[in-house]
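For the sequence shown, this note's numbering assigns the number 1 to the initial residue and increments by one for each residue that follows. Just so you know, even glycine gets a beta-carbon here, dropped at the ideal spot from N, CA and C.
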Amino acid sequence: MPRAFHIPGVIFLFCAFVLLFLVSISLPFITALDFVRIHFKDGNPTSSNTNALNEIRFGSWASCSYEVSGNRVCTPSHNAYATTIYDSQHQGFVNIGPSWTRGLAIHPVAAGVTLVAFALSLSSHVTMTLLASLTSFLAALLTLIAFAVDIALYAFVKHESGKLSGVSSNTDTGPAFWMTLVAFLLLCFAGCTVCFGRRKDRLDGATSYSWTDRFRRNRY
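In structure tokens form, the structure reads like this:
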């Protein structure tokens, strides 16, 4: 495979894997990485077993509540977690159920497929490069599905947080949200560069053969 196509494809796959790997860990293990965060301006909302909150962040395996006092309280770490938010009077609440967080488990699956694509891209064999290209596109599809889950979670959290009576809040996307999008774009670029590189390699091989064959015919 031409080096001009091979090296960028490998780099794209490696970067995409690193991003998806970090996103797959996220909260509560990497505190800076989350998909959605709610900033509470006033109203003193609370969550389960917490005091007044100023922020809640949603990660792959748990949500973490940040109290006004500076303490951080996270839900038990597992897939399909749930978070309940109460208003200051505990008369109203909203629930972010497990059906909205279960799909976040697609991120580590996409990371695993990306790792396979990266390993295949290290080979110069034609069959391996073809498999690397196909696997890259598969990983891109899984990442796109994961990003759709992120969008759905963001939209639902934003809608539900607005229902809290007497609570003013602002819902934003977190770093993991945008890292997933960047990983998707990198995987698309990787699949294309590996695929085009393989096609160019075949065309170059065919051109080289035709000139060699023509030289031999003229010689004899």
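Residue burial classification, residue i (beta-carbon count within 10 angstroms, cutoff 16)
i: residue 36; result: buried
i: residue 45; result: buried
i: residue 9; result: buried
i: residue 28; result: buried
i: residue 57; result: buried
i: residue 70; result: exposed
i: residue 122; result: exposed
i: residue 155; result: exposed
i: residue 47; result: buried
i: residue 124; result: exposed
i: residue 199; result: Low local confidence applies: a pLDDT of 48 at residue 199 is under 50, so the model's placement there is unreliable, and no value is given.
i: residue 52; result: exposed
CB contact flag (residue i, residue j, <8 Å)
i: residue 98; j: residue 80; result: yes
i: residue 88; j: residue 60; result: no
i: residue 161; j: residue 92; result: no
i: residue 163; j: residue 94; result: yes
i: residue 68; j: residue 54; result: yes
i: residue 147; j: residue 118; result: no
i: residue 138; j: residue 120; result: no
i: residue 168; j: residue 43; result: yes
i: residue 73; j: residue 104; result: no
i: residue 135; j: residue 157; result: no
i: residue 30; j: residue 22; result: yes
Whole-angstrom distance between residue j and residue i, CA atom to CA atom
i: residue 253; j: residue 141; result: With the chain covering only 1 through 220, there is no way to say anything about residue 253.
i: residue 176; j: residue 20; result: 9 Å
i: residue 85; j: residue 33; result: 21 Å
i: residue 192; j: residue 40; result: 43 Å
i: residue 189; j: residue 16; result: 10 Å
i: residue 194; j: residue 106; result: 24 Å
i: residue 153; j: residue 172; result: 11 Å
i: residue 179; j: residue 186; result: 10 Å
i: residue 76; j: residue 64; result: 10 Å
i: residue 90; j: residue 7; result: 57 Å
i: residue 14; j: residue 127; result: 20 Å
i: residue 145; j: residue 101; result: 13 Å
i: residue 111; j: residue 78; result: 18 Å
i: residue 18; j: residue 24; result: 10 Å
i: residue 143; j: residue 182; result: 10 Å
i: residue 151; j: residue 66; result: 23 Å
Those residues which DSSP pairs with residue i across a bridge
i: residue 101; result: In the DSSP output, where bridge partners are listed per residue, residue 101 has none listed.
i: residue 94; result: 85
i: residue 65; result: 56, 73
i: residue 39; result: 55, 170
i: residue 47; result: 85
Min CB distance residue i to chain C below 8 Å
i: residue 105; result: Absent from the structure is chain C; it holds one protein chain and no more.
| Which whole runs of the beta strand (DSSP E) in the region 154-192 are 3 residues long or more, in chain order? | Listed in chain order, they are 168-173.
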